[in-house]
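Student: Sharing a structure with you now.
Chains as they are written, first to last, in our numbering: chain A, 1199 to 1420; chain B, 1199 to 1420.
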């Protein structure tokens, strides 16, 4: 029997790779990658294609949201704002927050999923180590599922799945290892594209996750 | 006292022009226009700029969502699907439906509005003569307001306003005339960019609206 299709949002990072590995257990995969003027765009795209090759993904869409760079307001998309180093932010919304970014990604996933006849959208968001991004919370995705139900054709049955939403980075690393996800192909650094800096918020979270999971991060660091 | 800011989604069509005219009574305006590979992109952009000039709008963002053309699935974005002529569709979802289009537009409006500190997003959607698009219903916008509340910063107070949602096309024409909206600058035709075809669904709805309102449509037809 033909497996139902799931659209996976794959940035090329650790979390989206593990979310795709979860999806791969039940679904045929359609991989979506969005460039939005983030600093490490080229390196993330390379990771996306390598992970897609690993899972032999036939349906791939690489697209862009130029508005996020045009609008700015984040260290990830605005060259005039520096990426912070040396600490993981906790209670505040960090300067790396890209305003309402996940809503753009989900809109594309829904439009594509509706045309493809997909049943699920997988996104690797986590609200545990989520760095205070409001668009990474369970309540955001629940509300978005309602928007999908109201804003698409009656016969469309798309629904967002967030398999990592309550997992810490260490738990995500462990789950990825269990599922045989190609963690060596993923890219997390916010700053560099050759080897990971090891100092930005994203690198620090990743390194902490591997350490707490008792595993060695397979990618090279500066 | 400085007036609060509203982001207006302005396609260049009749409805968005009248929605902007409503917003102009209370708010300072920020005009957003989105190209998405629709057939009459250049003509709509011209209308957008002329309406923005009319209202002396300082904040303007013209951006694009290439994904909608890449994904296709609609007569408006897919050259291989013909725009229907000669009838206004009623109960079915028409082939001009662009899957989940308004969710893309709203995502951009929210990201921009959050960075600008705007209080409202105005969109000229109507569920009366709405041609069966699921993303033009009250329930869709209500659900989206919940997504905005959940997915943005706690201090962000953005909310969608749909002043035309329960108005027929004739009522929209009358309201626009009352408010002195520049209806002569608007463009509605789905097919042509020089003079309106008068035969596509959008032209037929517009002509019917002016006729029922007892007013003459100021734009030329083929």
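We treat Cβ as the ideally placed atom computed from N, Cα and C, and that holds for glycine. Here the structure is a predicted model, which is why all the values come from computation and not from measurement.
Do you know whose CA, among 1355(B), 1379(B), 1321(B) and 1390(B), lies nearest residue 1315(B)'s CA?
Tutor: For residue 1315(B), the nearest C-alpha among the options comes from 1355(B).
Student: Against residue 1261(A), what residues of chain B qualify as contacts under a CB-to-CB distance less than 7 angstroms, listed in chain order?
Tutor: Simply 1264, 1265 and 1268.
Student: According to the neighbour-count rule (16 or more other Cβ atoms, all chains shown, within 10 Å of its Cβ), is residue 1232(B) buried or exposed?
Tutor: Counting Cβ neighbours within 10 Å, residue 1232(B) comes out buried, since at least 16 surround it.
Student: Would you say residue 1237(B) faces chain A, with C-beta separation under 8 angstroms as the test?
Tutor: Chain A, which has no Cβ nearer than 8 angstroms to the Cβ of residue 1237(B), makes this no.
Student: Whole angstroms are fine: how far does the CA of residue 1229(B) sit from the CA of residue 1414(B)?
Tutor: So the two alpha carbons sit approximately 27 angstroms from each other.
Student: Using a Cβ-Cβ cut-off of 8 angstroms, state whether residue 1300(B) counts as contacting chain A.
Tutor: Output row for residue 1300(B): interface = yes.
Student: Tell me the start and end of each unbroken beta strand (DSSP E) in the segment 1318-1344 of chain A that is at least 3 residues and wholly inside, in chain order.
Tutor: For the segment 1318-1344 of chain A, whole beta strand (DSSP E) runs of length 3 or above, ordered along the chain, are 1318-1320.
Student: Under 8 angstroms by Cβ, that's how I've got residue 1215(A) and residue 1379(A) pegged, so tell me the actual separation to the nearest angstrom.
Tutor: That belief holds up - the Cβ atoms of residue 1215(A) and residue 1379(A) are roughly 5 angstroms apart, short of 8 angstroms.
Student: Rounded to the nearest angstrom, what separates residue 1417(A) and residue 1204(B) at their Cα positions?
Tutor: So the alpha carbons of these two residues sit roughly 46 angstroms apart.
Student: Among 1361(B), 1268(B), 1408(B) and 1295(B), which has the Cα closest to the Cα of residue 1382(B)?
Tutor: Per the Cα distances, 1408(B).
Student: Apart from the five residues on each side of it in sequence, which residues of its chain come closer than 6 angstroms, Cβ to Cβ, to residue 1270(B)?
Tutor: Only 1276 meet the Cβ criterion.
Student: Does the segment 1297-1308 of chain B come close enough to the segment 1328-1343 of chain B to have 3 or more Cβ pairs within less than 8 angstroms?
Tutor: The segment 1297-1308 of chain B is in contact with the segment 1328-1343 of chain B.
Student: Any idea which residues DSSP pairs residue 1233(B) with across the strands?
Tutor: Answer is 1262(B).
Student: Between the C-alpha atoms of residue 1339(B) and residue 1202(A), what's the straight-line distance to the nearest angstrom?
Tutor: About 29 angstroms.
Student: Please list, in chain order, all residues of the same chain as residue 1343(A) whose beta carbon is under 7 angstroms from its beta carbon, the five residues on each side excluded.
Tutor: Excluding residues within five positions, the ones whose Cβ falls inside 7 angstroms are 1357 and 1358.
Student: If you draw a straight line from the C-alpha of residue 1396(A) to the C-alpha of residue 1404(A), how long is it?
Tutor: C-alpha separation (whole angstroms): 9 angstroms.
Student: Among 1372(B), 1410(B), 1237(B) and 1398(B), which has the Cα closest to the Cα of residue 1217(B)?
Tutor: Here the closest residue by C-alpha is 1372(B).
Student: As a quick exercise: from 1305(A), 1304(A), 1325(A) and 1312(A), pick the residue whose alpha carbon is nearest that of residue 1291(A).
Tutor: Nearest C-alpha to residue 1291(A): 1325(A).
Student: Are the Cβ atoms of residue 1401(A) and residue 1411(A) separated by less than 8 angstroms?
Tutor: Not closer than 8 angstroms, so no.
Student: In the DSSP assignment, what residue or residues form a beta bridge with residue 1357(A)?
Tutor: DSSP lists 1318(A) as partners of residue 1357(A).
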